[in-house]
Amino acid sequence: MLNKIVQSPQDASDISAQNPLLEKKGIMQLFLWGLVAAILVWSWQGAEMNPYALWEYRGNMAEMLGDFFPPNFHDWNLYVDEMLTTIQIAIWGTLLSVILAIPFGILSSENIAPWWLYQPIRRFMDACRAINEIVFAMLFVVAVGLGPFAGVLALFVHTTGVLAKLFAEAVEAIEEGPVEGVRATGASGLQEVIFGVIPQVLPLWISYSLYRFESNVRSATVVGMVGAGGIGVLLWENIRGFMFKETCAIMIIIIVSVTLLDMLSQKLRKQFI
Amino acid sequence: MIKLSTLKINIDVNRLASNSGTKAIEAKSVRKTFGNNTAVAGVDLDVQAGDMVALIGSSGSGKSTLLRMIAGLINTDKNEQGSIKVANKVIQANGKLDKNVRKNRSSIAFIFQQFNLVRRLSVQTNVLIGLLGEIPRWRGSLCWFTKEEKQRALAALERVGLNSFAEQRASTLSGGQQQRVAIARSLLQDADVIVADEPIASLDPRSAKRVMDILSDINKQDGKTVVVSLHQVDYAKAYCRRIVGLANGEVKIDLSADALNDEDLVELYGTEKDEIDFGVSLSQSENEFVSEGAAVPALARA
Ligand SMILES: Nc1ncnc2c1ncn2[C@@H]1O[C@H](COP(=O)(O)OP(=O)(O)OP(=O)(O)O)[C@@H](O)[C@H]1O
Ligand SMILES: [Mg+2]
Chain Y
7 MLNKIVQSPQ DASDISAQNP LLEKKGIMQL FLWGLVAAIL VWSWQGAEMN PYALWEYRGN
67 MAEMLGDFFP PNFHDWNLYV DEMLTTIQIA IWGTLLSVIL AIPFGILSSE NIAPWWLYQP
127 IRRFMDACRA INEIVFAMLF VVAVGLGPFA GVLALFVHTT GVLAKLFAEA VEAIEEGPVE
187 GVRATGASGL QEVIFGVIPQ VLPLWISYSL YRFESNVRSA TVVGMVGAGG IGVLLWENIR
247 GFMFKETCAI MIIIIVSVTL LDMLSQKLRK QFI
Chain R
16 MIKLSTLKIN IDVNRLASNS GTKAIEAKSV RKTFGNNTAV AGVDLDVQAG DMVALIGSSG
76 SGKSTLLRMI AGLINTDKNE QGSIKVANKV IQANGKLDKN VRKNRSSIAF IFQQFNLVRR
136 LSVQTNVLIG LLGEIPRWRG SLCWFTKEEK QRALAALERV GLNSFAEQRA STLSGGQQQR
196 VAIARSLLQD ADVIVADEPI ASLDPRSAKR VMDILSDINK QDGKTVVVSL HQVDYAKAYC
256 RRIVGLANGE VKIDLSADAL NDEDLVELYG TEKDEIDFGV SLSQSENEFV SEGAAVPALA
316 RA
């Protein structure tokens, strides 16, 4: 609606005077803006927004910031060690999810699977995706105990949901012609997918997987906070113990490693597009 | 400059005689409607093994639809009498694709107007795809081709003059080259019947002639049955022995190429209102090579 009016502002204002239909559109628009404003006010209250607090407690905050510096790198080798564990969690969490997202992604594509197959699989993937890694991490800590493996499982379940959806979108955008070309040779359905579909989507799939790896390294730093291994465990212990100089050192290590991995993975992704 | 009229077709009479009687394609009462638009309105078509048949007709006359039904890529309308057999294998009957259609498709090679290669795969792999219907499913699915099979792919590429391109990605080739790769794929498929749906419609005249030469060679040397839909009547006359003309989804003419004359064509295309289109498309695409005395100039005037 907005588009239409933006596209032809003159027509709109010229005709609206005589045209009751267009006048109605104007009223409708006013109503929508009112609704947006109401939602904003409503959520401001719910979220207990209080910018004044930033000013009121500025002294506290400055003091706390001061507590962070200088960072204390005394235990740096421990931090680096745990950071590596975090990366290892991300590697396996991502790899397992890529392996499962391939069949789930293909089977939830409208142009490949029948509706009675892709509908339930899609809903299942929605469920995996809807729940945050942290929640899965808490559950897996209960199920398999404290430690990195719980983190791997948490990332794995959530990322499978995300990648299956992305993979399916890529499959739904392929050219039909090459698949038909493969079909015409007498190939099986599976062979149509292997020769006709996968070569077309592979670059996108690789790129999505690497992208999810980057984001899983970030997520892996948090799952540790609920006991699922990696640097998050240290982070949480130090914050709870008010050891902010150590906390600062850990955060710097996280920032540096995440940035490096992002850059590396981005370079790799560019290779495939 | 290519002169089509200088082309000579030598029909191997002995081979034809030995094949006579065997039918490569048997299509009975084939219909297809899309919504309430009738694309093919009850066609009976038999093609003798070893023949080379042109399917002509104006745009929308149902050529592609008919060919795709023959290859089992789409099903016909439900109809008790309707059936399609290719190389004595049932492709479909009564509006349903045969349950063995996936396997049976390997006896029909299909050449598409848009080539339909897998562009990111190498030329050689694209050719090897032609073997998928023949080799064990598990081996094909693992992309496992023997040395001998790879040699066959190279030989097929050599035959279409592209063996030096084997390692390249298919997307790096020109349209005419891609169509020749598609033909090499059909060579590996070793199907009895080759169905080509406007194989030269998106090619320049030089590549078009090359593609038609190869198809004709496969027909003569290997004895494969070839059915090819064409927009250009002069190509049909120069390369094919039999010409089937469709209009509004029905067979309007069915003649040997020698017997086809201008009146037949005027009738075939003229009953449609696109007569003018036909003239324009001919003079546009074909003025690079003038075929003296062929139907073209006469028709363009008509
Ligand atoms: N998938 C489809 N859905 C709906 N209608 C279709 C479909 N395929 C073909 N048709 C219709 O069927 C009729 C015959 O089409 P077809 O493609 O077979 O003609 P053609 O002779 O191959 O034409 P051209 O020379 O333009 O390729 C046309 O009216 C077309 O619109
Ligand atoms: Mg067509």
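Those protein sequences? They're chains Y and R, same order as listed.
Per the numbering used here, the first sequence runs over residues 7 to 279.
Per the numbering used here, the second sequence runs over residues 16 to 317.
Note that beta-carbon positions come from the ideal geometry of N, C-alpha and C, so glycine has one too.
- Within chain R, the residues whose beta carbon sits less than 9 angstroms from that of Val188 (chain Y) are Asn131, Val133, Ile144, Leu147, listed in sequence order.
- Ligand 1 never approaches Lys267 (chain R) closely enough for any of its heavy atoms to be under 8 angstroms from the residue's Cβ.
- With a cutoff of 9 angstroms on beta-carbon distance, Ser271 (chain R) and Gly72 (chain R) are scored as not near each other.
- Under DSSP, the beta-bridge partners assigned to Gln107 (chain R) are R:Ile99, R:Leu112.
- Annotated three-state conformation of Glu41 (chain R) is strand, per DSSP.
- Taking C-alpha positions only, Gly202 (chain Y) is separated from Ser189 (chain R) by approximately 20 angstroms.
- C-alpha of Gly65 (chain Y) to C-alpha of Pro77 (chain Y): approximately 21 angstroms in a straight line.
- Within chain R, the C-beta atoms nearer than 8 angstroms to that of Ile200 (chain Y) come from Ser156, Cys158, in chain order.
- Here Ile140 (chain Y) is near Val229 (chain Y), since their CB atoms are less than 9 angstroms apart.
- Here Gln194 (chain R) is buried, its C-beta having at least 16 other C-beta atoms within 10 Å.
- In this structure, the beta-carbon distance from Arg135 (chain R) to Ala199 (chain R) does not fall below 9 angstroms.
- Residue pairing by DSSP places Thr48 (chain R) opposite R:Thr53 in a beta bridge.
- Residue pairing by DSSP places Met67 (chain R) opposite R:Val241 in a beta bridge.
- For Ile123 (chain R), DSSP records a beta bridge to R:Val208.
- For Leu136 (chain R), a Cβ of chain Y is located within less than 9 angstroms of the residue's own Cβ.
- The C-alpha of Leu145 (chain Y) is placed about 35 angstroms away from the C-alpha of Ala59 (chain Y).
- Of all alpha-carbon atoms in Y:Val223, Y:Tyr217, Y:Arg224, the one lying nearest the alpha-carbon of Gln272 (chain Y) is that of Y:Tyr217.
- Using a CB distance cut-off of 9 angstroms, Ile123 (chain R) counts as an interface residue toward chain Y.
- Of the candidates R:Ala56, R:Leu82, R:Val58, R:Leu82 places its Cα closest to the Cα of Pro214 (chain R).
- Comparing C-alpha distances from Leu202 (chain R) to each of R:Leu70, R:Val58, R:Thr53, R:Ser121 shows the shortest one belongs to R:Ser121.
- Looking from the CA of Lys224 (chain R), the closest CA among R:Leu157, R:Asp61, R:Ala253, R:Phe127 belongs to R:Ala253.
- Here the distance from the Cβ of Ser201 (chain R) to the nearest heavy atom of ligand 2 is not below 8 angstroms.
- Residue range 265-271 is occupied by the beta strand (DSSP E) that includes Glu265 (chain R).
- Taking every protein chain shown into account, the CB of Ser179 (chain R) has fewer than 16 other CB atoms within 10 angstroms, so this residue is exposed.
- Interface criterion met: the Cβ of Arg152 (chain R) is under 9 angstroms from a Cβ in chain Y.
- DSSP, read as helix, strand or coil, puts Ser76 (chain R) in coil.
- Between the beta-carbon of Ala56 (chain R) and that of Gly264 (chain R) there is about 4 angstroms, and that keeps the pair under the 8 angstroms contact cut.
- According to DSSP, Val58 (chain R) shares a beta bridge with R:Val45.
- Listed in chain order, the positions of the segment 204-233 of chain R with a beta carbon within less than 8 angstroms of a beta carbon of chain Y are Gln204.
- Short note on Ser217 (chain R): C-beta not closer than 8 angstroms to any heavy atom of ligand 2.
- Separation of Trp242 (chain Y) and Met257 (chain Y) (C-alpha to C-alpha, rounded to the nearest whole angstrom) is 11 angstroms.
- Closest option to Ile200 (chain Y), judged by alpha-carbon separation, among Y:Tyr214, Y:Ser213, Y:Ser215, Y:Pro184: Y:Pro184.
- According to the DSSP assignment, Val259 (chain R) belongs to the beta strand (DSSP E) that extends over 257-262.
- Judged by DSSP in its simplified three-state form, Ser217 (chain R) adopts coil rather than helix or strand.
- With a cutoff of 8 angstroms, Gln183 (chain R) does not count as near ligand 2, since its C-beta is closer than that to no heavy atom of the ligand.
- Closer than 8 angstroms to some heavy atom of ligand 2: that does not describe the Cβ of Gln247 (chain R).
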